[in-house]
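K.L.:
Anchor point for the sequence shown: position 12 equals 25 in the working numbering, and the numbering is continuous, going up by one each time. This is the structure, below, for whatever I ask next.
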Amino acid sequence: MGRRATLGSRGDRTTPKVATGQTPFSLVFGAEAVIPSEVRVPTHRYGCITEDRNQVEMASSLDTIDELRTSAQIRMASYRQTVAKSYNKNVKVRTLQVGDLVLRKVFQNTKNQQAGKFAYNWEGPYQVESTVGNGAYRLMTMEGQMVPRSWNITHLKKYFT
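What follows is the structure, encoded as C-alpha coordinates:
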(Lines of atoms letter the chains of each structure in order from A and count residues from 1; the text may use other names and numbers.)
(Lines give C-alpha, C1' and ligand atoms only; values in the text may rest on other atoms or scores of the structure.)
Protein backbone atom coordinates (compact mmCIF):
# COMPACT_ATOMS: atom_id res chain seq x y z
CA MET A 1 0.00 0.00 0.00
CA GLY A 2 2.77 2.44 0.94
CA ARG A 3 4.75 1.64 -2.22
CA ARG A 4 1.79 2.36 -4.47
CA ALA A 5 1.18 5.73 -2.79
CA THR A 6 4.86 6.64 -3.27
CA LEU A 7 4.81 5.77 -6.96
CA GLY A 8 1.61 7.74 -7.50
CA SER A 9 2.93 10.82 -5.74
CA ARG A 10 6.25 10.67 -7.64
CA GLY A 11 4.38 10.74 -10.94
CA ASP A 12 2.20 13.55 -9.67
CA ARG A 13 5.22 15.70 -8.78
CA THR A 14 6.74 15.29 -12.26
CA THR A 15 3.59 15.94 -14.32
CA PRO A 16 2.99 19.52 -15.51
CA LYS A 17 -0.26 20.93 -14.12
CA VAL A 18 -2.78 22.68 -16.35
CA ALA A 19 -3.25 25.60 -13.97
CA THR A 20 0.45 26.48 -13.65
CA GLY A 21 2.02 24.94 -16.75
CA GLN A 22 4.83 23.67 -14.50
CA THR A 23 5.52 20.60 -12.39
CA PRO A 24 5.18 20.99 -8.62
CA PHE A 25 8.78 19.79 -8.26
CA SER A 26 10.12 22.54 -10.53
CA LEU A 27 8.14 25.22 -8.67
CA VAL A 28 9.67 24.13 -5.37
CA PHE A 29 13.24 23.27 -6.34
CA GLY A 30 13.75 25.31 -9.52
CA ALA A 31 14.71 22.34 -11.70
CA GLU A 32 12.95 19.44 -13.36
CA ALA A 33 13.12 16.07 -11.61
CA VAL A 34 15.01 13.21 -13.20
CA ILE A 35 12.93 10.07 -12.96
CA PRO A 36 14.62 6.67 -12.38
CA SER A 37 13.82 5.39 -15.88
CA GLU A 38 15.88 8.25 -17.38
CA VAL A 39 18.89 7.15 -15.32
CA ARG A 40 18.61 3.52 -16.49
CA VAL A 41 17.92 4.33 -20.17
CA PRO A 42 19.83 7.53 -20.93
CA THR A 43 17.90 10.22 -22.68
CA HIS A 44 19.29 13.32 -24.35
CA ARG A 45 18.42 15.45 -21.32
CA TYR A 46 20.21 13.16 -18.87
CA GLY A 47 22.88 11.43 -20.96
CA CYS A 48 24.56 14.47 -22.56
CA ILE A 49 25.13 16.55 -19.45
CA THR A 50 28.40 16.85 -17.59
CA GLU A 51 29.02 17.77 -13.96
CA ASP A 52 30.19 21.29 -14.86
CA ARG A 53 27.29 21.88 -17.20
CA ASN A 54 24.88 20.67 -14.52
CA GLN A 55 26.27 23.20 -12.02
CA VAL A 56 25.84 26.03 -14.53
CA GLU A 57 22.26 24.94 -15.30
CA MET A 58 21.36 24.67 -11.60
CA ALA A 59 22.74 28.17 -10.88
CA SER A 60 20.76 29.52 -13.82
CA SER A 61 17.60 27.77 -12.61
CA LEU A 62 17.98 29.20 -9.12
CA ASP A 63 18.36 32.70 -10.57
CA THR A 64 15.14 32.42 -12.57
CA ILE A 65 12.96 30.53 -10.07
CA ASP A 66 11.19 33.71 -8.90
CA GLU A 67 10.23 34.53 -12.49
CA LEU A 68 9.03 30.95 -12.96
CA ARG A 69 6.84 31.16 -9.84
CA THR A 70 5.47 34.58 -10.85
CA SER A 71 4.50 33.32 -14.30
CA ALA A 72 2.87 30.27 -12.67
CA GLN A 73 0.83 32.58 -10.39
CA ILE A 74 -0.31 34.65 -13.37
CA ARG A 75 -1.26 31.53 -15.29
CA MET A 76 -3.16 30.17 -12.24
CA ALA A 77 -5.16 33.41 -11.95
CA SER A 78 -6.03 33.23 -15.65
CA TYR A 79 -7.01 29.56 -15.29
CA ARG A 80 -9.26 30.38 -12.30
CA GLN A 81 -11.01 33.09 -14.33
CA THR A 82 -11.55 30.65 -17.20
CA VAL A 83 -12.99 28.00 -14.87
CA ALA A 84 -15.25 30.57 -13.13
CA LYS A 85 -16.50 31.85 -16.49
CA SER A 86 -17.26 28.30 -17.62
CA TYR A 87 -19.13 27.57 -14.37
CA ASN A 88 -21.04 30.86 -14.24
CA LYS A 89 -22.37 30.65 -17.79
CA ASN A 90 -24.88 28.02 -16.63
CA VAL A 91 -25.99 29.84 -13.48
CA LYS A 92 -29.55 31.13 -13.69
CA VAL A 93 -30.20 34.25 -11.64
CA ARG A 94 -33.52 34.11 -9.79
CA THR A 95 -35.06 37.16 -8.17
CA LEU A 96 -38.33 37.74 -6.37
CA GLN A 97 -40.37 40.92 -6.12
CA VAL A 98 -42.08 42.27 -3.01
CA GLY A 99 -45.57 40.76 -2.92
CA ASP A 100 -44.66 37.52 -4.76
CA LEU A 101 -46.00 34.29 -3.30
CA VAL A 102 -43.39 31.67 -2.49
CA LEU A 103 -43.03 28.21 -0.99
CA ARG A 104 -40.38 27.62 1.65
CA LYS A 105 -38.29 24.42 1.86
CA VAL A 106 -39.07 22.19 4.86
CA PHE A 107 -35.92 21.24 6.76
CA GLN A 108 -35.29 18.09 8.79
CA ASN A 109 -35.77 19.86 12.12
CA THR A 110 -39.17 21.32 11.12
CA LYS A 111 -40.50 18.29 9.24
CA ASN A 112 -43.49 16.40 10.65
CA GLN A 113 -41.90 13.16 11.88
CA GLN A 114 -45.26 11.28 11.86
CA ALA A 115 -45.65 11.75 8.08
CA GLY A 116 -42.55 9.68 7.24
CA LYS A 117 -41.34 9.76 3.66
CA PHE A 118 -44.64 11.21 2.46
CA ALA A 119 -44.14 14.49 4.37
CA TYR A 120 -44.28 17.73 2.43
CA ASN A 121 -40.96 19.06 1.12
CA TRP A 122 -42.29 22.61 0.73
CA GLU A 123 -44.57 24.65 2.98
CA GLY A 124 -46.50 27.82 2.45
CA PRO A 125 -47.47 29.88 0.59
CA TYR A 126 -45.73 32.91 2.05
CA GLN A 127 -45.60 36.43 0.73
CA VAL A 128 -42.31 38.27 0.12
CA GLU A 129 -42.38 41.25 2.52
CA SER A 130 -39.00 42.81 1.66
CA THR A 131 -35.58 42.22 0.13
CA VAL A 132 -32.84 41.95 2.77
CA GLY A 133 -29.73 41.59 0.63
CA ASN A 134 -28.24 39.67 -2.24
CA GLY A 135 -30.74 36.82 -2.68
CA ALA A 136 -32.22 37.03 0.86
CA TYR A 137 -35.86 37.87 1.57
CA ARG A 138 -38.12 38.55 4.57
CA LEU A 139 -41.36 36.57 4.45
CA MET A 140 -44.77 36.89 6.03
CA THR A 141 -47.62 34.45 6.27
CA MET A 142 -50.86 34.96 4.39
CA GLU A 143 -52.38 36.19 7.69
CA GLY A 144 -49.78 39.00 7.87
CA GLN A 145 -47.46 37.55 10.57
CA MET A 146 -43.73 37.99 9.98
CA VAL A 147 -41.61 34.84 9.61
CA PRO A 148 -38.80 34.99 12.25
CA ARG A 149 -35.71 35.28 10.01
CA SER A 150 -34.74 36.05 6.42
CA TRP A 151 -34.59 33.27 3.85
CA ASN A 152 -32.17 32.72 0.98
CA ILE A 153 -33.61 32.26 -2.48
CA THR A 154 -32.05 28.77 -2.68
CA HIS A 155 -34.64 27.68 -0.08
CA LEU A 156 -37.58 29.39 -1.80
CA LYS A 157 -39.49 28.77 -4.99
CA LYS A 158 -42.13 30.86 -6.63
CA TYR A 159 -45.71 29.80 -5.98
CA PHE A 160 -48.17 30.07 -8.84
CA THR A 161 -51.88 30.00 -8.00
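We treat Cβ as the ideally placed atom computed from N, Cα and C, and that holds for glycine. As the structure is a computational prediction, the values presented were derived from the model and not from experiment.
Which value, in whole angstroms, describes the spacing of the CA atoms of Val106 and Arg88?
P.N.:
C-alpha separation (whole angstroms): 29 angstroms.
K.L.:
Select from Arg162, Tyr133, Ser73 and Leu152 the residue whose C-alpha is nearest the C-alpha of Tyr139.
P.N.:
Nearest C-alpha to Tyr139: Leu152.
K.L.:
What number of angstroms, rounded off, separates the C-alpha of Pro55 from the C-alpha of Asp25?
P.N.:
Their backbone Cα atoms lie some 22 angstroms apart in a straight line.
K.L.:
Bridge partners for Thr144 per DSSP, in chain order?
P.N.:
According to DSSP, Thr144 bridges with Tyr150.
K.L.:
Assuming contact is defined by CB atoms lying nearer than 9 angstroms, are Gly148 and Tyr172 in contact in what I supplied?
P.N.:
Their beta carbons are not under 9 angstroms apart, which means Gly148 does not touch Tyr172 by this criterion.
K.L.:
Three or more C-beta pairs under 8 angstroms: does that hold for the region 158-173 against the region 102-119?
P.N.:
Yes, since at least three Cβ pairs between the region 158-173 and the region 102-119 fall closer than 8 angstroms, the two stretches touch.
K.L.:
When you compare the region 35-52 with the region 76-93, are there three or more beta-carbon pairs, one atom per stretch, that lie closer than 8 angstroms?
P.N.:
The region 35-52 vs the region 76-93: in contact.
K.L.:
Tell me where the alpha helix (DSSP H) around Ser93 begins and ends.
P.N.:
The sequence given here places Arg at residue 93; Ser does not occur at that position. From DSSP, the alpha helix (DSSP H) with Arg93 extends over Glu64 to Asn101.
K.L.:
Pop quiz: Val111 and Ser143 are said to be a contact at Cβ under 8 angstroms. What is the actual Cβ separation, rounded to whole angstroms?
P.N.:
That pair is a contact at about 6 angstroms.
K.L.:
Work out the CA separation of Ala97 and Asn134 for me, nearest whole Å.
P.N.:
Roughly 32 angstroms between the two C-alpha positions.
K.L.:
Roughly how many angstroms lie between the CA atoms of Gln126 and Ala132, to the nearest whole one?
P.N.:
Straight-line Cα distance between these residues: approximately 8 angstroms.
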